[in-house]
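These notes concern the structure reproduced below.
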Amino acid sequence: MTSLDDARALLAEFPVADGHNDLPWALREQVRYDLDARDIAADQAGHLHTDIPRLRAGGVGAQYWSVYVRTDSPDPVAATLEQIDCVRQLIDRHPEDLRSALTAADMEAVRREGRIASLMGAEGGHSIANSLGTLRGLYALGVRYLTLTHNDNVDWADSATDEPRAGGLTAFGREVVREMNRLGMLVDLSHVAATTMRDALDASSAPVIFSHSSARAVCDHPRNIPDDVLERLPANGGVAMVTFVPKFVLQAAVDWTAAADENMRAHGFHHLDTTPEAMKVHRAFEERHPRPVATVATVADHLDHMREAAGIDHLGIGGDYDGTAFTPDGLDDVSGYPNLIAELLDRGWSKADLAKLTWKNAVRVLDAAESVARGLQQTRPPSNATIESLDAAGG
Amino acid sequence: MADLQDDLRPTVAAGELDDLAEPYPEEAVAAESYEPVSDPDDEPLTRAHAILAAHPVADGYNGLPWALKRLSYYDLELGEISVDTDVPRLRSGRVGALFWSLHLPEGLDGDRAVGATLEQLDLAKAVVRTCDEGLRPACTAGQVADARNCGRVAVLLGPAGASAVGDSLGILRQLHLLGLRVLTLTGVSWASEAGLTRFGEEVVREMNRLGVIADLSGASPQTVRRVLSLSRAPVLCSRSAARAIRPHPVNLPDDLLAELGEAKGLCLVPLTAEQTGPTVRDVADHLDHIREVAGAHCVGLSGTYDSGAAHPQELGDASCYPRLIAELLRRGWDEGDVALLTWGNVQRVLRGADFTARAAQQRREPSTATIAELDG
C-alpha cells in the first residue's frame with residue numbers, strides 16, 4: 001500500500017472536519033443562490049473548489065460552511081441570514097450526502113451515517129451589528145462559531161489586517177466572548193490581531209478555535225498565529241486549524257503578493273481592483289514575476305511546527321476552499337486532503353495523531369464549548385449589555 | 001380535548017392533497033357543532049366566564065416584550081403593575097393565547113430593521129422562558145391547543161412589519177424558523193399604497209409555503225384585494241375595526257369586510273379608544289357590525305395591550321375580556337358565535353395556514369426569486 005492508500009483508509013474512519021469553506025459566498029457571487037445553476041451533486045470543477053463528489057473523494061466528514069459577508073456590506077445582518085438560508089437549502093437538497101449538525105454528538109452521529117455533517121460559522125463580528133440579541137439570533141439559526149473580525153476592525157475588536165484601534169478587545173468585545181461562551185458558540189480567532197487573540201484567550205472560559213490560520217513562525221504573515229498564542233492552546237483546550245491559502249503559508253508568495261499589490265498601487269489602482277485595466281497591469285506583473293507555488297509540503301511544514309508549539313491535541317484543518325483564488329499544488333480543491341495526510345504519514349505522523357488532526361480535535365472542541373455553556377447557563381442570564389454602555393469612553 | 005380532535009383529519013388531507021380545487025378542504029377546517037357550556041338563565045358576566053373557561057381569548061396583538069425593555073426588573077408570574085399584561089391578569093381575563101407584536105419603532109429600516117427583529121425575537125423567547133409557569137411558546141394550532149391543555153397561555157410570535165424581511169425571501173425563511181408567524185404587509189416598496197408588486201406576490205406565495213400568515217391591517221385596498229385573491233391560506237387583519245362606525249384609516253370599510261369574510265379571513269378588532277371608541281359598548285358596536293357584514297367566522301379580538309394605545313373605559317388591561325363578552329351576551333350573541341370570536345376563529349386561521357403550508361411544501365421548492373429580478 002502506498003501512503004496515499006493508507007491516507008484514504010484513515011480518512012474513511014476519521015474523515016476531515018474542516019473549519020472553513022466559502023461555498024455559500026461563491027454561490028452568492030457567481031449565481032445569486034441559483035442552486036440549479038451550480039448543482040453541487042455534479043462536478044463543478046472550473047467553477048468551484050467544492051462539490052459533493054470531490055468532498056467525498058477528499059474524505060470530508062464534517063464541514064463548517066462559512067456564512068461570510070463583506071465587511072463593507074450595507075446590510076451585513078440581512079446578508080448573513082441569506083447566507084444561512086443558502087446553507088439550509090444545500091442541506092435540504094442533498095439529504096443523502098449532507099446533514100445538519102448543531103452539536104458534537106450530531107457530528108458523530110452523521111459520521112456514523114456516512115454523511116457530511118454540515119455546520120455553520122459566521123466570519124466577522126460585523127455580522128452581529130454590535131448586538132448580543134442578534135448574536136443569539138445567529139446561534140438560534142445554527143451558527144456555531146463567530147470569527148471576531150474579518151479583514152477590517154469591528155468597533156469592539158482589532159483585525160490582523162487593519163490599523164490597531166482597540167488594542168485587542170474592548171469591554172464590549174469581552175462581553176461578546178462571554179456571551180458566546182454562555183451560548184456554546186465557538187470563539188474563532190482567525191483574522192484577528194494577535195492582541196485580540198490574547199485578549200480573547202484571557203476572556204474566554206471555553207476553548208477557542210482558529211478556523212483557518214497557520215503558523216507565523218513558519219511564514220510571517222499577520223493572518224497566521226504567533227507561537228506565544230499557539231503555546232496557550234493546551235491550557236485553553238482550543239484548536240488551530242491550518243489553512244492552505246498560499247499567500248499566507250508560503251513566504252515567497254507573501255512577498256510576491258506584497259510586490260504585486262505595490263505594483264497595482266504604483267499604477268494608481270486599489271490592490272483588489274479587478275477591472276479589465278487593473279487586471280491588465282496585474283497580468284503584466286505576473287509575466288515578469290512568476291507566481292510562487294505552494295505545495296502539500298508547505299502546509300505540512302506548518303503542521304509540523306504547530307504540533308511542536310501547541311501539541312497534537314490542538315491541531316485541525318481549515319482549507320478555506322472557495323474563499324481563495326489560489327491553492328497549493330496537490331491541494332487544488334476539496335478532493336486534495338488525502339495528499340496532505342499521505343505527506344504527514346511519510347513524515348512519521350502516527351494514525352492516532354492523524355485521527356486527532358482530521359476529526360477528533362474538532363469534535364472535542366465543540367463538545368467542550370457545549371459543556372462550558374451548560375454550566376454558564378445555570379448561573380448567568382442572557383446578557384443585554386450594549387456597546388454604548390460598555391465602551392462609552394471610546395473603548 | 002375538543003381542540004385536539006379539531007386537528008386535521010389525516011384521511012381528508014391525504015386524499016385531496018394532490019388535486020386541491022379549494023385553497024384548503026372545507027371539512028378539514030370546519031368548526032365542530034357547538035354545545036353550550038353556560039346556563040342561559042345566569043347573569044351575563046357569569047355566563048361570560050363560563051364560556052371563556054371553555055373558549056378562552058386568543059388575543060391577536062400584544063406589545064409586552066417591547067414594553068418590558070424599559071423595565072430593569074419585572075415579575076410577570078407574580079404580577080407586574082407597570083405593564084398591562086401579566087400572568088395573573090391574563091388568567092383572570094381568560095386569555096388562552098397571545099400574539100406578541102414584533103413591530104418596530106418608526107425609523108428603523110434596512111439592515112437595522114432585520115437586526116432589531118432578531119433582537120425582538122430573542123427578547124420574546126427569553127421572556128417566555130423566564131415565565132414558564134404561565135406562558136408557553138407555540139407556533140402551530142396544535143401547539144396552541146397543547147399549551148392550553150397544560151394550563152399555559154400560548155405565545156405566538158408576530159405580527160412583524162414587512163421591513164423585517166429585508167426584501168429577501170431567504171430572510172423571511174430564517175425569521176419563520178425563529179418562530180415568526182404573522183407578517184404585516186405594509187410600508188415596503190413591494191407592498192405599498194399601489195398594491196403588491198410581483199416580488200410582493202412572491203412573498204405571499206412563500207408565506208403560504210412556510211405558514212406565515214398575512215396581516216393586512218393598514219394595507220392599501222389594492223394590497224388587501226390582491227392578497228385575498230392570491231393567498232391560499234386565510235389572512236387576518238391584526239388591528240382593524242369597522243370604518244362604517246368609526247372613520248379611522250386602519251379600520252376596514254364594509255366592502256373590504258365583506259370580501260374578507262368571503263375569503264374566510266379574520267378581522268381582529270383592537271381594544272383601543274382611537275379605533276373603536278371610548279366605551280365597552282362602542283367596541284361591541286364594531287363587533288356587531290363586523291359580524292353582520294363579514295360573518296361570525298370572520299371576527300376576533302386584539303387587546304393591543306402594552307402597545308402604547310389608550311384603551312376604552314373598563315377595558316384597561318388584559319383582565320377585562322369577561323366584561324366585553326358579557327356585553328355581547330346582553331346583546332343576544334349566541335354562545336357559538338362568542339366561542340368563534342374568542343378562540344375558534346383564530347384556531348381556524350392557524351390550522352388553515354398550517355394545512356396550506358404542508359400541502360404547498362409538497363409542491364413548491366423554496367423560492368429563490370429576488371426583488372431585483374422581479375421588480376427590477
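Top to bottom, those sequences are chains A and B.
All residue numbers for the first sequence refer to the UniProt record's numbering, where the first residue is 1 and numbers rise by one.
All residue numbers for the second sequence refer to the UniProt record's numbering, where the first residue is 1 and numbers rise by one.
In this text, a Cβ means the ideal position worked out from N, Cα and C, and glycines have one as well.
Quantities reported herein were computed from a predicted structural model and do not represent experimental measurements.
So what does DSSP say about residue i, is it helix, strand or coil?
i	result
M241/A	strand
G200/B	helix
C267/B	strand
V208/A	strand
V69/A	coil
residue 399/A	Since the first and last residues shown for chain A are 1 and 395, residue 399/A lies out of range.
I317/A	strand
L8/B	Model confidence at L8/B stands at a pLDDT of 47, short of 50, so the residue's coordinates are unreliable and nothing is read from them.
G195/B	strand
Y34/B	coil
S367/B	coil
T103/A	coil
T85/B	coil
Just curious, the alpha helix (DSSP H) that residue i is in, first and last residue?
i	result
F99/B	Not the alpha helix (DSSP H): F99/B falls in the beta strand (DSSP E), residues 95 to 100.
L350/B	345 to 363
G169/B	According to the sequence as given, residue 169/B is Leu; it is not Gly. Counting along the chain, the alpha helix (DSSP H) containing L169/B begins and ends at 169 to 177.
Y64/A	Where Y64/A is concerned, there is no enclosing alpha helix (DSSP H), although the beta strand (DSSP E) it sits in stretches over 60 to 66.
M197/A	194 to 203
D329/A	From DSSP, D329/A is part of no alpha helix (DSSP H); its letter is neither H nor E.
V155/B	Careful: V155/B lies outside any alpha helix (DSSP H), inside the beta strand (DSSP E) at 153 to 157.
Which residues bound the beta strand (DSSP E) around residue i?
i	result
D61/B	Looking at the sequence provided, one finds Tyr at residue 61/B rather than Asp. Residues 57 to 62.
T147/A	143 to 147
N21/A	16 to 21
D215/B	213 to 215
P137/B	135 to 137
R99/A	98 to 100
T184/B	182 to 184
E120/A	Here the sequence assigns Met to residue 120/A, which means Glu is not the residue at that position. Unbroken beta strand (DSSP E) run through M120/A: 116 to 123.
D188/A	186 to 188
L121/B	Not the beta strand (DSSP E): L121/B falls in the alpha helix (DSSP H), residues 110 to 129.
G300/B	299 to 302
Would you check if the distance between the CB atom of residue i and the CB atom of residue j is smaller than 8 angstroms?
i	j	result
G277/B	T134/A	no
G96/B	R173/B	no
T272/B	A58/B	no
R181/B	L216/B	no
H126/A	S159/A	no
A200/A	L148/A	yes
D208/B	A318/B	In the sequence as presented, Asp is not what sits at residue 208/B; that position holds Asn. Cβ atoms of N208/B and A318/B: not closer than 8 angstroms.
V60/A	P24/A	no
A284/B	E327/B	yes
G64/B	V83/B	Inspection of the sequence shows that residue 64/B is occupied by Leu rather than by Gly. Yes; because the gap between Cβ atoms is below 8 angstroms, this pair is in contact.
Which chain B residues sit within Cβ distance under 7 angstroms of residue i?
i	result
R136/A	D122
G133/A	L118, E119, D122, L123
Which chain A residues sit within Cβ distance under 7 angstroms of residue i?
i	result
V83/B	Result: empty, since nearest Cβ-Cβ is about 18 angstroms, beyond 7 angstroms.
A191/B	The contacting residues do not exist; A191/B stays about 17 angstroms from chain A at best.
A126/B	P382
L177/B	L141
S168/B	A78, E82
V212/B	Going along chain A, no residue has its Cβ under 7 angstroms from V212/B, so there is no contact; the nearest lies around 14 angstroms.
G115/B	V77, A129, S131, T134
Using the beta-carbon of each residue, which ones in chain C are nearer than 7 angstroms to residue i?
i	result
P76/A	In summary, chain C is missing from the structure at hand, where the protein chains are A and B.
What residues of chain B sit near residue i, judged by a beta carbon separation below 9 angstroms?
i	result
R380/A	What R380/A touches in chain B: nothing, since even the nearest Cβ is about 13 angstroms away.
I91/A	Those within 9 angstroms of I91/A in chain B number zero; the least Cβ separation is about 12 angstroms.
Identify the contact partners of residue i in chain A, using a Cβ-Cβ distance below 9 angstroms as the criterion.
i	result
T370/B	R32, Y33
So, for residue i: in the same chain, excluding its five sequence neighbours on each side, which residues have a beta-carbon less than 6 angstroms away from its beta-carbon?
i	result
F285/A	A260, N263
S3/A	A342, L345, D346
A241/B	N251, V269, Q275, T276, H286
D6/B	The predicted model places D6/B with a pLDDT of 48, which falls under 50 and marks its position as unreliable, so this point remains unresolved.
V165/B	I171, L172
R291/B	V299
I want to verify the contact list: residues of chain B whose CB lies under 8 angstroms from the CB of residue i, in sequence order.
i	result
I209/A	Those do not exist, as I209/A stays about 24 angstroms from chain B at its closest Cβ, beyond 8 angstroms.
Within its chain, find whatever has a CB closer than 8 angstroms to the CB of residue i; leave out the 5 residues flanking it on each side and keep chain order.
i	result
L390/A	T170, A171, F172, E175
Excluding five sequence neighbours on each side, which residues of the same chain lie with their C-beta closer than 7 angstroms to the C-beta of residue i?
i	result
S163/B	D109, A113, G187, V188
F269/A	A278, V281
T295/A	P328, D329, G330
In chain A, which residues lie less than 8 angstroms from residue i when you measure between Cβ atoms?
i	result
R173/B	D85, R88
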